[in-house]
Structure formats: C-alpha cells, structure tokens
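Residue numbers (my numbering): 697 to 1001. Where a beta carbon is used, it is the ideal one built from N, C-alpha and C, also for glycine.
Okay, structure coming up:
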C-alpha cells in the first residue's frame, strides 16, 4: 500500500513538472507600464501644456488618470486626450488673458492655482452634480469635460463659470471682501441651497440658487456669472427681481426689493476688485475694456471659429 501511494506521488509530481515545462512564460524583460520609475516620452499634448501653462505660469495640468487627485469614493471617468488642448486653450483665452490685460501678468502668476486636474465625467453627489472645485486656491479640479465642444458657447460658459468661480475663491481667501456684503441678505443663506429654485433665489436677492449657500459662494457666484454671462444678463435679472417686488400679485412674503439687494452686492464687488486687485469689472472709459467685455469677446471668438 505504501509503495502504491509512493508511485502515485511520483506520477503526480512528474505531471506537474511536465505541465510547467510546457507553460510559455514569454519575454521576462517586457516592461510593465505605470508601476513607476519608467520614462515615458512627452506627447504633443504634454509639450503644448508645458509651453502654455508650466513654463509661463508654473501651472501643472494633470489629465492622465490619477485617482489620488480625486475623491476615492466616487466613480469618475478620465478626460479624452483630444479634449485637453482645446479645453486648456479656452481656459487660457477666457480667463488668464483677460485678467492679464486688466491687471498685468504678475497678478495671474501670483494668484493662479498651481494645478489643474481634468476629469471627463461629472462628479455625482446626493441630488447635485459637481462641475468644479478648488482646494485652498492651489488646485482646481474640473469635471464633465468629455462633453466639451468649442462651438458650443453655452457649454463654454458653463465650464468657464466654474473656473472664474473657483478663482474668485482664491481672491477672497487671499484678501477678504468687505464684511458688509454678508449683511445684505443674511437671513436667506441656507445649507439646503439645492432645494432653492432659481426663481426663489432671485426673489431673495441672489444671482443663482447656489449663491444662497453662503456669503462666500454668493460673492463668487456674482463675480463668475457677471463675467461669463455678461452685464446685460445681470441687468435683466435685477429688473425682473424688482418688477416682481413691485407687483402686488407676486410679492407675497417679500420684505425687501431683491433687485436693490443685487445692486448692493454688485457695487461691493466692483469696488473690491478695483481697490484690492486693480481690476476693472466693467469698461472704465470709452475705448478701454474691462474684464467682462474681454471675457465676452473671447467666448464669442472661440465659439465662432
């Protein structure tokens, strides 16, 4: 019996060895990418980003997938590489260049974030979608970029509103806007801003529903929306808000003129940008363009070509 077991063990071992000999291991010198340490030649996209962002502004643009730059508990999709240059060129022409023209190159180099992270898909939350976020003014993460098309002016405005919004945070986190801004509509701020409709926000004296989230969000929403959508769109919102307030059949529960509140916020914003940063929000004189005009012209030029 012991001899039989011994013979079985030998036969089993022989089959295992034979099986291993037949296995094709392939070239053991083949490199496995993305384990770290390898040198990868820069692509055309990498070279363009270096010449247009890294070298002149010391801004890193990350478009290759790096989960550790993002929330680990979210399902996200990388940005398509063929979208990267068109997106970043649009950001340059509708954000960096206008600020350089009104405040000088040193301004944007001093305050600009040092890292952009590009993501193809939106970041879905509980009932909301994140299109962009900033971390301490040093990093901006941009989402939903796989939808980008240069000829779609409305999409360009949506993306650039996020960039100008986050840059607004960088400015007020560096030097705070006047405290009086917080007391124009103090009772209307709410953590449940996503339950506030755009019409309700307007009747409370806000430029958007997200502006009701906090004074800081209110301030940068004012900046970003006026810059990206233009003064005419803002003036229309102010006029509509005041019209509702003056209409007895529509103003039930309204205790103040929301249009006047928006004008107060606008005045503080204009003064803050000029006095603190030397930035003219609107055209300061005939023939001299302010930030709003420069951004509007840039968006029009990009989307029409």
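When DSSP assignments are scanned along the stretch 839-912, the uninterrupted stretches of alpha helix (DSSP H) that are 4 or more residues long and fall wholly within it turn out to be 849-870 and 894-899.
A direct Cα-to-Cα measurement between residue 901 and residue 894 gives close to 11 angstroms. Excluding the 5 residues flanking it on each side, residue 794 has same chain C-beta neighbours closer than 6 angstroms at 987, 990 and 991, in chain order. The residues 823 and 824, in chain order, have a CB closer than 6 angstroms to that of residue 890 in the same chain once the five nearest residues on each side in sequence are set aside. 8 angstroms or more divides the Cβ of residue 779 from the Cβ of residue 821. Counting only residues of its own chain and dropping the five nearest sequence neighbours on each side, residue 856 has a CB closer than 6 angstroms to the CB of 790 and 924. Around residue 960, the same chain offers 880 as residues with beta carbons nearer than 7 angstroms, after the five sequence neighbours per side are excluded.
When only Cα atoms are considered, residue 806 and residue 922 end up about 23 angstroms apart.
Looking at 920, 956 and 928, the one whose alpha-carbon comes closest to that of residue 941 is 956. In this chain, residue 816 is not harboured by any beta strand (DSSP E), its DSSP state being neither H nor E. If the five residues before and after residue 909 are omitted, its C-beta is found closer than 6 angstroms to the C-beta atoms of 889, all from its own chain and listed in chain order. Boundaries for residue 926: no beta strand (DSSP E) harbours it, and the DSSP string shows neither H nor E there. For residue 828, the enclosing beta strand (DSSP E) covers residues 828-831. With distances taken between CA atoms, residue 859 lies nearest to 827 out of 869, 827, 875 and 849. Under the rule that a run must span 4 or more residues, the alpha helix (DSSP H) segments found entirely inside the stretch 773-817 read 777-787, 793-799 and 801-807.
Of all alpha-carbon atoms in 745, 999, 915 and 836, the one lying nearest the alpha-carbon of residue 872 is that of 915.
A distance below 6 angstroms between beta-carbons, with the five flanking residues on each side excluded, links residue 759 to the following residues of its chain, in chain order: 775, 780 and 814.
Ranked by Cα distance from residue 877, the options 979, 737, 750 and 964 are led by 964.
A residue is called buried when at least 16 other Cβ atoms come within 10 angstroms of its Cβ; residue 764 does not meet this threshold and is exposed. With respect to residue 919, residue 864 sits close: the two C-beta atoms are nearer than 8 angstroms.
Residue environment: residue 783 is assigned as buried (16 or more neighbouring CB atoms within 10 Å of its CB, all protein chains considered). Exposure of residue 768 is indicated by the presence of fewer than 16 other C-beta atoms within 10 angstroms of its C-beta. Note on geometry: alpha-carbon atoms of residue 754 and residue 835 lie some 12 angstroms from one another.
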